[in-house]
């Protein structure tokens, strides 16, 4: 009997001729996440990634926690492998689930027979194994609809695997299978969620942040760096580009109509982000915008922003309400960092009465009142970058 973690695929099983590429990227991502913990044997077969620790001193709980954050894994089953006989399966169930069987009042058995050479079919396995458990644990009864404990037996080609109720995985598809995109990372709640949602669809994420000292503090930048570092647990390695944005914001303040400050600022952010994307081979931009959430995120306002874009802009939060976004931020672990009281540049020179239904023509005319091109070039040339890797300690 040996410990093995069964990582069940979700969408990967639907990928047809491309499936091997998705499996290869998933294995690569899992290997990177688990490498600091020790040596593991990874083997993909029968729509499952088998993760087997190669030494007894590996932190098993930390291994499970890291696997829960790897996109492409739908279910995680900490299991025990044993020989393919009912006696061995029952003995394994007693050893690995004995405490739960002793305390539970109801249970059911689920059997999956991938190896059709096994003499009993799934229904017979469930009946026989269920009978053995009832005989060995007199205080428990069968409840197939709402059991306290589910005992799962999988008969596979190499062994029988016994485990309890599967742990929910992150779902999605492996990071690295859907191209590369640049996330506008503000420091608030929404943008880290947008980045994680895109990573869940296989996109490799890097981030760009606009800093405006002295209007924004060094602590605000550190906050964003901490967000980027935290996001790596789900997204993998992230490079953060930091743009010096003070002069551009001051020029907007001094030369443009106040009610259009935020819209012009967003357009210039998009222009700078596109130039970075073009220089580094990113195929799209990503923002945390949610339609109607603030004045600059009305449909009319978003049209004026998109008018300057030459590459796709993805907004995965666009139809989510704030509670849904907050729920995801808790799930990916960024909420507590996002609500720290260090303001980003989006709050600098905020107009008292921002225009919510602007026309593209008036925004373009307002922006043309000043030649921003030299300041854009200066900002692009002044960009700095820092790369964050998953599960690395940083001195913030």
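In the UniProt record's numbering, the protein residues as written are 1 to 396.
The C-beta atom is built at its ideal place from N, Cα and C for all residues, glycine as well.
Look at residue 140 here: in three-state DSSP terms it is coil, with no helix or strand label.
In terms of Cα proximity to residue 64, the closest of 116, 18, 81 and 6 is 6.
Counting only runs of at least 4 residues, the segment 128-214 fully encloses the following alpha helix (DSSP H) elements, listed from N- to C-terminal order: 190-200. When the alpha-carbon of residue 239 is set against those of 327, 276, 253 and 375, the nearest one is in 276. C-alpha of residue 211 to C-alpha of residue 272: approximately 13 Å in a straight line. Of the candidates 158, 29, 126 and 159, the residue whose Cα lies closest to the Cα of residue 143 is 126.
Our two residues, residue 192 and residue 79, have alpha carbons roughly 33 Å apart in a direct line.
Under DSSP, residue 43 shares a beta bridge with 50. In this chain, the alpha helix (DSSP H) harbouring residue 34 covers 19-34. In terms of Cβ geometry, residue 110 and residue 77 do not form a close pair [threshold 9 Å]. Counting only residues of its own chain and dropping the five nearest sequence neighbours on each side, residue 49 has a CB closer than 6 Å to the CB of 7. Per DSSP, reduced to three states, the secondary structure at residue 277 is helical.
Its chain contains 8, 9, 10, 169 and 171 as the residues whose beta carbon lies nearer than 7 Å to that of residue 74, once the 5 sequence neighbours on both sides are disregarded; these appear in chain order. The beta carbon of residue 146 lies closer than 8 Å to those of 106 in the same chain, with the five residues before and after it left out. Within its own chain, the residues whose Cβ lies closer than 6 Å to the Cβ of residue 345, once the five positions on either side in sequence are excluded, are 210, 212, 216 and 245, listed in chain order. The DSSP-derived three-state label of residue 73 is strand. Here residue 240 is bridged, per DSSP, to 207 and 386. When DSSP reads this structure, residue 106 sits in a beta bridge with 141.
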